[in-house]
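Student: Quick one: this structure, given as structure tokens, is what I'll be asking you about.
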Amino acid sequence: QVQLVESGGGLVQPGGSLRLSCAASGFFFSIYAMGWHRQAPGKEREWVAGISSIGDSTNYADSVKGRFTISRDNANNTVYLQMNSLKPDDTAVYYCKVNFGVPLRPYWGQGTQVTVSS
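Start counting the sequence shown at 20; every next residue gets the next number (this note's numbering).
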């Protein structure tokens, strides 16, 4: 079955950096686009970044553009989110996502908490 396991979250001061990882299994990882989303307390889940199946195309939400970088390692079935210049507004639970199956449906990991605070 499809499984996504996020890691790398934690508490960081404003201006700091974190690198999130999402280990995938249960599907042919290298042929699927992947995405990162986040959900802050009291807010709806929002899309953060996406990457194509072979990593040649990436897209970012305006709120993180220039600070976050999404990448993937298809040999190890892992997608990453490098987060720099973190702000308190980046505080959220971060999830990775893949759309998979027939009919196509979203699969989510359990999430990893990122807290940006001094």
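C-beta atoms are modelled at their ideal positions from N, C-alpha and C, and glycine is treated no differently.
Label R124 either buried or exposed according to how many other C-beta atoms from any shown protein chain fall within 10 Å of its C-beta, with 16 as the threshold for buried.
Tutor: Burial call: exposed.
Student: In angstroms with no decimal places, state the Cα-to-Cα distance between V24 and S136.
Tutor: If I take the Cα positions, the gap works out to 25 Å.
Student: When burial is assigned at 16 or more other CB atoms within 10 Å of the CB, is D81 buried or exposed?
Tutor: Exposed is the call here.
Student: By the three-class DSSP mapping on this structure, what secondary structure does F47 have?
Tutor: Of the three classes helix, strand and coil, the one that applies to F47 here is coil, per DSSP.
Student: State the CB to CB distance for the pair T97 and I89, rounded to an integer number of angstroms; the pair is presumed to be in contact (CB under 8 Å).
Tutor: In fact, because the Cβ distance is near 12 Å, the residues do not count as touching under 8 Å.
Student: Taking the straight line between their C-alpha atoms, what separation do you get for A52 and Q32?
Tutor: When rounded, the distance between both Cα atoms is 31 Å.
Student: Which residues bound the beta strand (DSSP E) around V121?
Tutor: Unbroken run through V121: none, as it is neither H nor E.
Student: Per DSSP, what kind of secondary structure is D144 in: helix, strand or coil?
Tutor: Limits of the chain in this structure are 20 at one end and 137 at the other, which puts residue 144 out of reach.
Student: Once you ignore the five residues that flank K84 on each side, which residues in its own chain have a CB closer than 7 Å to its CB?
Tutor: Within the same chain, K84 has no close Cβ partners at all.
Student: Give the C-beta separation of F4 and V67 to the nearest angstrom, bearing in mind that I take them to be a contact with Cβ-Cβ under 8 Å.
Tutor: An answer regarding residue 4 cannot be provided, because it is not within the stretch 20 to 137 covered by the chain.
Student: Go to R91, then tell me how far its beta strand (DSSP E) extends in each direction, as first and last residue.
Tutor: From DSSP, the beta strand (DSSP E) with R91 extends over F87 to D92.
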